[in-house]
Amino acid sequence: MSNIVFSGIQPSGTIHLGNYLGAIKQWVDLQDKYKSLFCIVDLHAITANKLLASELKSNIFKTVAAYIACGIDPEKSIIFSQSTVSGHAELSGLLGCYTPVGWLNRMTQFKDKAGSDKQKASLGLYSYPVLMAADILLYRAQYVPVGDDQKQHLELARDIALAFNNYYKLDYFVVPEILVLDHASRIMSLRDGTSKMSKSDPSEYSRINLDDTDDLIVKKIGKAKTDSILGFDFTTLKCRLEISNLINIYSVLSSLDVDKVCEEMSKHNMKHFKKELADLIISVISPIREKVIDLLRDRFYLHEILEKGAKKAAEVASHNMKEIKDIVGFVQ
Ligand code: AMP
Ligand code: TRP
């Protein structure tokens, strides 16, 4: 038991409602209970769809600002970017030697992201899950709060930890546990109830971004796909993917049970429901958006947070890295 929490988000675009509900919202609660590290995983962000250097830089600052605006307190938690602590890349290289390629060949995210021409996918995209395992194992973290799409990567991180521990007959690495929130672990696209809300979806109308204006939120929810079935009959919701996603978002944001939301909304029509939902989303997103705008005015402050975070993270990382090298037999 280490009681350490580790999680991260790629600075590959604007943070959306799925990231907030699936990941960041639970981080905010966890930071009060555990020593927590929240990383901006910039090395992961260059494994696919590379950005211009100026865009990546800007996304990194926006991500720090979003963490803080959502309630991550830099006094309680360690906020830092992955590339500033060399142990991540170092341990990733080392753990690659304990990871059979057969395990990596099973990773569905690689298959999805690599697309039809796998020969053109980068080695970095292929070894992405090993770097993710290194992120977690480097701090011997116990808990990893993420969305449901990261389950397979977490399983791999556990397998790598066990492979290393078994080889050296030690319990060095903590075998990490995934923490997913029941109803928020997979927020779906507003345009297609079969795919998850994602930064990389070409349609802006598929997601609510944390920097969307109130008007845009109203528009996006207004255009959100629904179906022609009348009413909010709880028992039929499972087959109505898009509407059940909207109800789910409402339920998570309002802390009302799904059946309670359906019962309430049955008294009205879809237009009314969408208005209520947009208002609810605005009540959560708009203070975050304003705080982000405010924080982004002072990049120096944000940079300082990253520097302080990196210093604290590096202390733990270099201590653990020394122990790991010693276990392997490297003479230092
Ligand atoms: P990413 O945007 O891929 O860097 O994801 C950052 C975090 O947000 C991870 O913990 C993901 O599992 C989580 N996440 C991403 N998209 C969603 C979604 N649509 N619903 C719930 N969680 C999500
Ligand atoms: N792969 C995660 C995602 O895309 C991001 C990530 C990288 C991560 N390293 C991590 C999440 C370590 C939790 C722990 O969402």
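Residue numbering for the sequence shown is 1380 to 1711, as defined by the working numbering. Built from N, CA and C at the ideal position, the CB exists for glycine as well.
Hey, Leu1510 and Ser1471: beta-carbon distance below 8 Å or not?
Looking up residue 1510 in the sequence shown gives position 131. Looking up residue 1471 in the sequence shown gives position 92. Going by C-beta atoms, Leu1510 is nearer than 8 Å to Ser1471.
For Val1663, which option in Ile1706, Asn1588, Ser1697 and Leu1675 has the closest C-alpha, if you only look at C-alpha atoms?
The residue given as residue 1663 occupies position 284 in the sequence shown. Comparing Cα positions, the closest option is Asn1588.
Work out the CA separation of Ser1645 and Ala1536 for me, nearest whole Å.
In the sequence shown, residue 1536 corresponds to position 157, counting from 1. In the sequence shown, residue 1645 corresponds to position 266, counting from 1. One C-alpha to the other measures close to 44 Å.
If you run the structure through DSSP and keep just helix, strand and coil, what is Lys1414?
Your numbering for residue 1414 matches position 35 in the sequence shown. Three-state DSSP puts Lys1414 in a strand.
Could you say which of Asn1382, Asn1627, Gln1711 and Val1707 lies nearest to Asn1545 if we only look at CA atoms?
Walking along the sequence shown from the start, residue 1545 turns up at place 166. Closest option to Asn1545, Cα to Cα, is Val1707.
When the distance is taken between beta carbons, is Ala1520 closer than 8 Å to Ile1383?
Within the sequence shown, numbered from 1, the residue matching residue 1383 stands at position 4. Within the sequence shown, numbered from 1, the residue matching residue 1520 stands at position 141. It is a contact, given that the beta carbons lie within the stated cut-off.
Between which two residues does the beta strand (DSSP E) holding Leu1558 run?
In the sequence shown, the residue the question calls residue 1558 occupies position 179. Per DSSP, Leu1558 belongs to the beta strand (DSSP E) from Glu1556 to Leu1558.
What three-state label does DSSP hand Phe1652 in the structure shown?
Counting from one through the sequence shown, the residue named residue 1652 turns up at place 273. In this structure, Phe1652 counts as helix in the three-state DSSP scheme.
Per the contact definition of three or more C-beta pairs closer than 8 Å, is the stretch 1410-1417 in contact with the stretch 1428-1442?
Result no; under three Cβ-Cβ pairs closer than 8 Å.
Within 7 Å: the Cβ of Ala1563 and any heavy atom of ligand 1?
For this step, residue 1563 is matched to residue 184 along the sequence shown. Yes; taking the cut-off as 7 Å, the Cβ of Ala1563 has a heavy atom of ligand 1 nearer than that.
Should Val1710 be labelled buried (16 or more other beta-carbon atoms within 10 Å of its own) or exposed?
For the purposes of this step, residue 1710 is taken as the residue at position 331 of the sequence shown. Exposed, by the Cβ-count rule.
Where does Ile1383 sit, in a helix, a strand or coil, going by DSSP?
As a first step, residue 1383 is located in the sequence shown; it is residue number 4 there, counting from the start. In this structure, Ile1383 counts as strand in the three-state DSSP scheme.
CA-CA distance, Gly1526 and Asp1705?
Residue 1526 sits at position 147 when you count from the first residue of the sequence shown. Residue 1705 sits at position 326 when you count from the first residue of the sequence shown. For Gly1526 and Asp1705, the distance between alpha carbons rounds to 34 Å.
Given 7 Å as the limit, tell me if Leu1400 has its C-beta closer than that to any heavy atom belonging to ligand 1.
On the sequence shown, position 21 is the one that residue 1400 refers to. Correct: Leu1400 has its Cβ closer than 7 Å to ligand 1.
Take Leu1400 and list the residues in its own chain whose beta-carbon comes closer than 6 Å to its own, dropping the five residues that flank it on each side.
The sequence position of residue 1400 within the sequence shown is 21, counting from 1. Only Ala1563, Ile1566 and Val1631 meet the Cβ criterion.
Taking Ala1512 as the reference, give the member of Ser1495, Lys1490, Thr1478 and Gly1494 with the closest Cα.
Walking along the sequence shown from the start, residue 1512 turns up at place 133. When only C-alpha atoms are compared, the closest one is Thr1478.
Which class does Val1407 belong to by DSSP, given the choice of helix, strand or coil?
One-based indexing of the sequence shown puts residue 1407 at position 28. Val1407 falls in the helix class under three-state DSSP.
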